[in-house]
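Chemist: Each residue of the sequence shown is one higher than the one before, starting from 3 at the first, in full-length UniProt numbering. The beta-carbon is built from N, C-alpha and C at its ideal position, and this holds for glycine as well. Encoded as structure tokens, here's the structure I'll be asking about.
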Amino acid sequence: NTRVLTGIKPSGTPHLGNYVGAIRPAITASRQGGIESFFFLADYHALISVTEPARVQDATLQIAASWLAAGLEPEPGKVWFYRQSDLPETTELTWLLSCVAGKGLLNRAHAYKAANDRNREAGVDEDAGVSAGLYMYPVLMAADILLFNAHRVPVGRDQVQHIEMARDFAQRFNHLYGEHFTLPEAAIEEHVATLPGLDGRKMSKSYDNVIPLFAPRERLRKLVYSMVTDSRGPSEPKDTEGSNVFELYQAFATGEETAAMRGAFAGGIAWADAKQALFERIDAELAPVRERYQELVAAPERIETLLQENAALLREQKVAPLLRELRAAVGLRPL
Ligand code: TYM
3 NTRVLTGIKP SGTPHLGNYV GAIRPAITAS RQGGIESFFF LADYHALISV
53 TEPARVQDAT LQIAASWLAA GLEPEPGKVW FYRQSDLPET TELTWLLSCV
103 AGKGLLNRAH AYKAANDRNR EAGVDEDAGV SAGLYMYPVL MAADILLFNA
153 HRVPVGRDQV QHIEMARDFA QRFNHLYGEH FTLPEAAIEE HVATLPGLDG
203 RKMSKSYDNV IPLFAPRERL RKLVYSMVTD SRGPSEPKDT EGSNVFELYQ
253 AFATGEETAA MRGAFAGGIA WADAKQALFE RIDAELAPVR ERYQELVAAP
303 ERIETLLQEN AALLREQKVA PLLRELRAAV GLRPL
């Protein structure tokens, strides 16, 4: 069986980028035969940026409900669905990997470099406001992946570097201690690798340009209409290249619909009409999901039970045996 694994950080409300870049492709993959899937809520990762306990908990519930509403059907042994922190061994593996992770490699991690770019712009000291947690982010993520020896990790393009680092740590560990880890590969959906946000930059909580996955219909319409476009007037031909409206449309439409929209752009569709078509397309796909989501968040105990059951089985069947093996390999007493 091919093991497929991916996580989402519960640090805010889920948005269309998470859905198109992670949730939707992962669920589609999980339905194929010969695949064992691991989907989880990366709440240890959320602590790097969120220091309000209630927000971590709310976001965890919201993201869990999003996966289930989008059609995830957990089934231990085939489709695992769990919370990262319910597997505390993740942090132990993080330590074992830290001891083989090159510091120089971590210096080049995007999130860390971005924090220092901001420091430079603001004229403050290098590493100001950077926690060791942020710096270690890729090692924690490698632990998530290697804990289950995942073969494939479906993610958006922003995460590819982290998966390459996980391969690097796994390789060094294997080199030192024998073949314990499978080298993971990133799996990216080419045409929707990075979904743009309202302003055209990557849709991201940190840019404040997101369309929430479960915005009510009217709010969704307003947000789509507020998307930034160029100023070409009605009936002027428009570029599909680099257009956030077009790219979002493509992410929610069939190949045929996309081809028709490409023609409409060349023929000078008005921005308002393109946005209306986009709004209708997103709404058609998400309306049923939105309804299931509301039912799910109204009964959080069901989600909680499910997450805890999955984690308990994983610890027993997979995590404990691996950690025993790894502890012995490095010279610690196997528990
Ligand atoms: P996070 O929570 O930032 O994002 C979750 C997933 O959504 C994708 N994504 C996007 N895809 C397309 N367009 C966008 N605008 C967009 N914004 C976000 C991300 O690429 C990601 O796949 N570190 C990870 C969570 C994580 C993880 C892991 C993932 C922790 N451990 C192990 C895979 C394997 C993160 O912060 O994702």
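Which residues bound the alpha helix (DSSP H) around Thr4?
Modeler: Position 2 of the sequence shown, counting from 1, holds the residue named residue 4. Run containing Thr4: none in the alpha helix (DSSP H); it sits in the beta strand (DSSP E), 4-10.
Chemist: Taking all protein chains shown into account, do 16 or more other C-beta atoms lie within 10 angstroms of the C-beta of Ile82, making it buried, or fewer, making it exposed?
Modeler: For the purposes of this step, residue 82 is taken as residue 80 along the sequence shown, with counting starting at 1. The question names Ile, but residue 82 is Trp in the sequence shown. It counts as buried.
Chemist: If you draw a straight line from the C-alpha of Lys277 to the C-alpha of Ala286, how long is it?
Modeler: As a working note, residue 277 is residue 275 in the sequence shown. As a working note, residue 286 is residue 284 in the sequence shown. If I take the Cα positions, the gap works out to 14 Å.
Chemist: Once you ignore the five residues that flank Pro336 on each side, which residues in its own chain have a CB closer than 6 Å to its CB?
Modeler: Position 334 of the sequence shown, counted from the start, is the residue given in the question as residue 336. Cβ neighbours of Pro336 beyond the five flanking positions: Arg326, Arg329, Ala330.
Chemist: With DSSP as the reference, label His153 as helix, strand or coil.
Modeler: On the sequence shown, position 151 is the one that residue 153 refers to. It is coil, neither helix nor strand.
Chemist: Please report how far the alpha carbon of Asp129 lies from the alpha carbon of Asp119, in whole angstroms.
Modeler: Here residue 129 refers to the residue found at position 127 of the sequence shown. Here residue 119 refers to the residue found at position 117 of the sequence shown. So the two alpha carbons sit approximately 10 Å from each other.
Chemist: Kindly list the residues whose CB is nearer than 8 Å to the CB of Tyr46, restricted to its own chain and excluding five residues on each side of it in sequence; keep chain order.
Modeler: Translated into positions along the sequence shown, residue 46 becomes position 44. Once the five neighbours on either side are set aside, the close Cβ partners of Tyr46 are Gln86, Ser87, Thr92, Thr93, Leu142.
Chemist: Let me check you understand the geometry: is the CB of His164 closer than 7 Å to at least one non-hydrogen atom of the ligand TYM?
Modeler: Locating residue 164 in the sequence shown gives position 162, where the first residue counts as 1. Yes - the ligand TYM has a heavy atom lying nearer than 7 Å to the Cβ of His164.
Chemist: Spatial neighbours of Trp273 within its chain, please: CB distance less than 8 Å, with the 5 preceding and 5 following residues excluded, ordered by chain position.
Modeler: One-based indexing of the sequence shown puts residue 273 at position 271. Contacts found: Thr231, Arg234, Pro236, Lys240, Val247.
Chemist: When you measure from the CB of Thr196 to every non-hydrogen atom of the ligand TYM, does any distance come out below 7 Å?
Modeler: Counting from 1 along the sequence shown, the entry for residue 196 is found at position 194. Correct: Thr196 has its Cβ closer than 7 Å to the ligand TYM.
Chemist: Between the Cα of Lys80 and the Cα atoms of Ala31, Arg57, Glu192, Ala116, which residue gives the shortest distance?
Modeler: For this step, residue 80 is matched to residue 78 along the sequence shown. Looking at the Cα atoms, Ala31 is the closest of the given residues.
Chemist: What are the start and end residues of the alpha helix (DSSP H) that includes Ala189?
Modeler: For the purposes of this step, residue 189 is identified with residue 187 of the sequence shown, where counting begins at 1. Counting along the chain, Ala189 falls outside any alpha helix (DSSP H), though it belongs to the beta strand (DSSP E) covering 187-189.
Chemist: Should His47 be counted as a contact of the ligand TYM given a C-beta to heavy atom distance under 7 Å?
Modeler: On the sequence shown, residue 47 is found 45 positions in, with the first residue counted as 1. It does: the Cβ of His47 is within 7 Å (strictly closer) of some heavy atom of the ligand TYM.
Chemist: Give me the residue from Met229, Asn3, Leu148, His17 with the minimum Cα distance to Leu185.
Modeler: Numbered from its first residue, the sequence shown carries residue 185 at position 183. Closest by alpha carbon: Leu148.
Chemist: Return yes when the C-beta of Val22 is under 7 Å from any heavy atom of the ligand TYM, and no when it is not.
Modeler: As a first step, residue 22 is located in the sequence shown; it is residue number 20 there, counting from the start. Yes - the ligand TYM has a heavy atom lying nearer than 7 Å to the Cβ of Val22.
Chemist: Taking 7 Å as the cut-off, is the C-beta of Asp146 nearer than that to any heavy atom in the ligand TYM?
Modeler: For this step, residue 146 is matched to residue 144 along the sequence shown. Yes, the beta carbon of Asp146 sits closer than 7 Å to at least one heavy atom of the ligand TYM.
Chemist: Using the C-alpha atoms, what's the distance from Leu108 back to Asp170?
Modeler: Against the sequence shown, residue 170 aligns to sequence position 168. Against the sequence shown, residue 108 aligns to sequence position 106. One C-alpha to the other measures close to 11 Å.
Chemist: With DSSP as the reference, identify every bridge partner of Pro198, one or two as the case may be.
Modeler: Residue numbering aside, residue 198 sits at position 196 when the sequence shown is read from its first letter. Paired residues: Lys204.
Chemist: Pick out whichever of Val52, Leu43, Glu54 has its Cα sitting closest to the Cα of Gln64.
Modeler: Translated into positions along the sequence shown, residue 64 becomes position 62. Of the candidates Val52, Leu43, Glu54, the one whose C-alpha sits nearest the C-alpha of Gln64 is Leu43.
Chemist: Going by DSSP, which residues form a beta bridge with Val81?
Modeler: As a working note, residue 81 is residue 79 in the sequence shown. Its beta-bridge partners are Ser39, Glu77.
Chemist: With C-beta atoms as the reference, is His153 less than 8 Å away from Thr4?
Modeler: Translated into the one-based positions of the sequence shown, residue 153 becomes position 151. Translated into the one-based positions of the sequence shown, residue 4 becomes position 2. Against a cut-off of 8 Å, the Cβ pair of Thr4 and His153 comes out as a contact.
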